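Working notes, beginning with the structure itself.
Number of protein chains: 2
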Amino acid sequence: MILDHRLPLVEERSPVGGNPLATKHTIPKLAPSPRTSQANVTQHLRRAILAGHLPPGTRLVQADLADSLQMSVTPIREALRQLSSEGLIDLDAFRGAVVHTPTLAELEEIFEIRAALMPLSVRKSIGYITSAQLQTAEALLDQMEAEPDQAEWIVLNREFHRLLYGPMTTSHLHNVLQRLSDIATLYINLSFTQHPDQRASADAEHRAILAAYLTQDVDQATHLVLTHINSTLESARMVLDPN
Amino acid sequence: MILDHRLPLVEERSPVGGNPLATKHTIPKLAPSPRTSQANVTQHLRRAILAGHLPPGTRLVQADLADSLQMSVTPIREALRQLSSEGLIDLDAFRGAVVHTPTLAELEEIFEIRAALMPLSVRKSIGYITSAQLQTAEALLDQMEAEPDQAEWIVLNREFHRLLYGPMTTSHLHNVLQRLSDIATLYINLSFTQHPDQRASADAEHRAILAAYLTQDVDQATHLVLTHINSTLESARMVLDPN
DNA sequence: ACTCAAATCATATATGATATATAATATGTG
DNA sequence: CACATATTATATATCATATATGATTTGAGT
Chain A
1 MILDHRLPLV EERSPVGGNP LATKHTIPKL APSPRTSQAN VTQHLRRAIL AGHLPPGTRL
61 VQADLADSLQ MSVTPIREAL RQLSSEGLID LDAFRGAVVH TPTLAELEEI FEIRAALMPL
121 SVRKSIGYIT SAQLQTAEAL LDQMEAEPDQ AEWIVLNREF HRLLYGPMTT SHLHNVLQRL
181 SDIATLYINL SFTQHPDQRA SADAEHRAIL AAYLTQDVDQ ATHLVLTHIN STLESARMVL
241 DPN
Chain B
1001 MILDHRLPLV EERSPVGGNP LATKHTIPKL APSPRTSQAN VTQHLRRAIL AGHLPPGTRL
1061 VQADLADSLQ MSVTPIREAL RQLSSEGLID LDAFRGAVVH TPTLAELEEI FEIRAALMPL
1121 SVRKSIGYIT SAQLQTAEAL LDQMEAEPDQ AEWIVLNREF HRLLYGPMTT SHLHNVLQRL
1181 SDIATLYINL SFTQHPDQRA SADAEHRAIL AAYLTQDVDQ ATHLVLTHIN STLESARMVL
1241 DPN
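Those protein sequence lines, which keep their order, are chains A and B.
In this text, residue positions in the first sequence follow the working numbering: the first is 1, and each later residue adds one.
In this text, residue positions in the second sequence follow the working numbering: the first is 1001, and each later residue adds one.
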């Protein structure tokens, strides 16, 4: 059995529990929860992979997944296709799916791309983020610092960064950055396990970034985000290429 | 019937006919042609969409596709999932697939991202491109200028730009740029149909870019690529928002 | 007889086809 | 507007086929 977790696959709407201030005046975001099995499996597997429950190299056998998730292989296959397109798994014809193992060269390229896009991202988001979103982000940081479980921390971390992408839920820039960040996350688990102190530095960097967003200081925010990214890459280098 | 084209879906290995110089001393690249129906359909549909044979808004009905392509819906569905992930089609649950129609705002964002990544791309590719590849690229330009069919020109254009991405066949940077470029191509067809003179300017810009690559002038190449991208966006603005 | 490579075979798994059922959406009709 | 109908996607189940992988056997050369 690959996954211990039982159904339901459909999870809570908002990983943060929602912002009370926001929900007072707006409709509660209208169920972003997937309505198809395929979407459920995709989300479920993506989270399991990012959280480290399915570490790189894990084989994902269609029949086994269908068995543990109590459904037919059809939605499983389509979920795997989707995750493959996101770069989280490697899908070889007639050989099956394996959770992707990023190489150091790959990580370096990903961080180069992210670094090139970050100034754009900060510039396009910092002026449009609502104070409600920033409050949610701050609550997330509180939650993260108190979170004992590393897997859960990673989920919250993803949500924090997603918030900083701004109010545009659908944006190619956001999409690209999210995907690249997700692939990098494949490795973060390993890194954090070997160097637990990294989490504390990340927490501190998040605070600083949030502060820059609050004052809408684009240059400062950009600079902090870049160093944040860079420190992650540096720790990756230390683990993967300890010379 | 959606597609006039009959099988075989499996197409020629190299769209350019290969480089005789390269094949003399190396193994002929070992069949990159897809071996599964799903991969065949994906490639087939992607080309049909990019070439403009399936213009934006076209509905892609699974049963019809299965019928015209002489296969079951299973590989069709997975191909659609893949293309949806690439942003070429919109896939709504229980509603089906439609060839994506990019908005002007979307195109502007895509070109912003491409512009941000182009310096990186040029820098990482210009020093590593082989002279054989550049010769192939030049042959492509000859072919493009002589090509009467716009759809075919677009295929060749894609191949030309792919060549300039360098020898790294698998690279996240290349992948991201290719995807964004493909989405933009959805619109290029329309633009070219309304303003046929654009093709000539594009041809000229391609020549200049290639020249800069030949002399390995990074700054010049970057500058030319950016203006090339920008002229495409400008024409998009003229067609979509003719004020 | 021994070693190593090639061929063979069995198994696991993905891929593809088909049939059927259900659910959601779109469309037409009253 | 309500309702029935048609269309289509989604999901399940079952099966046949194709491919990859590993174990086993075979066989040639030493």
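Built from N, CA and C at the ideal position, the CB exists for glycine as well.
Just so you know, these numbers come straight off a predicted model, no measurement behind them.
Cβ shell of residue i (< 6 Å), same chain only, five flanking positions each side left out
i                : result
V1239 of chain B : S1191, Q1194
L65 of chain A   : I76
T42 of chain A   : A79, Q82
H1161 of chain B : none
T58 of chain A   : V99
L49 of chain A   : The amino acid occupying residue 49 of chain A in the given sequence is Ile; Leu does not appear at that position. Taken in chain order, the residues that qualify are L88, V99.
H1206 of chain B : L1141
N189 of chain A  : G52
R1237 of chain B : none
N175 of chain A  : none
Cβ separation of residue i and residue j, assumed to be a contact under 8 Å, to the nearest whole Å
i                : j                : result
H172 of chain A  : I1113 of chain B : 6 Å
L1141 of chain B : Y1213 of chain B : So it is not a contact: roughly 12 Å between Cβ atoms.
P167 of chain A  : T130 of chain A  : 7 Å
R46 of chain A   : V155 of chain A  : Rounded, the Cβ-Cβ distance is 10 Å, inconsistent with contact.
Within 7 Å, strictly: CB atoms of residue i and residue j
i                : j                : result
I1126 of chain B : V1218 of chain B : yes
L186 of chain A  : P56 of chain A   : yes
L1117 of chain B : A115 of chain A  : no
V1099 of chain B : L1054 of chain B : yes
T1215 of chain B : P1119 of chain B : no
R1035 of chain B : A93 of chain A   : yes
A51 of chain A   : A151 of chain A  : yes
L69 of chain A   : A97 of chain A   : no
S1085 of chain B : S85 of chain A   : yes
Own chain, CB closer than 8 Å to residue i, minus 5 neighbours either side, in chain order
i                : result
L233 of chain A  : L107, E108, F111
P102 of chain A  : P56, I110, I183, A184, L186, Y187
N1230 of chain B : F1111, A1115
D241 of chain A  : L104
Residue i burial status per 10 Å Cβ neighbour count (16 or more: buried)
i                : result
P8 of chain A    : Residue placement at P8 of chain A is flagged as unreliable, the pLDDT there being 43, under the threshold of 50; the coordinate-derived value follows with that caveat. Exposed.
P196 of chain A  : exposed
T136 of chain A  : buried
S72 of chain A   : exposed
R95 of chain A   : exposed
A204 of chain A  : exposed
K1063 of chain B : It should be noted that the sequence gives Ala, not Lys, for residue 1063 of chain B. A1063 of chain B is exposed by the Cβ-count criterion.
Residue i CB to nearest heavy atom of the ligand MG below 6 Å
i               : result
L177 of chain A : The ligand MG is not part of the structure shown, which contains no ligands of any sort.
Nonlocal neighbours in the same chain, by C-beta distance under 7 Å from residue i, ignoring five residues either side
i                : result
S1121 of chain B : Y1165, L1173, L1177
R1123 of chain B : V1218
W1153 of chain B : M1144, E1147, R1199
Q1220 of chain B : A1212
S235 of chain A  : S191, H195, Q198
A1208 of chain B : L1224
Y1128 of chain B : G1166, P1167
A39 of chain A   : none
N157 of chain A  : M144
**Message:** Does the structure place the segment 1142-1151 of chain B close enough to the segment 1100-1107 of chain B that three or more beta carbon pairs sit under 8 Å?
**Reply:** Of all C-beta pairs linking the segment 1100-1107 of chain B to the segment 1142-1151 of chain B, fewer than three are shorter than 8 Å, placing the two stretches out of contact.
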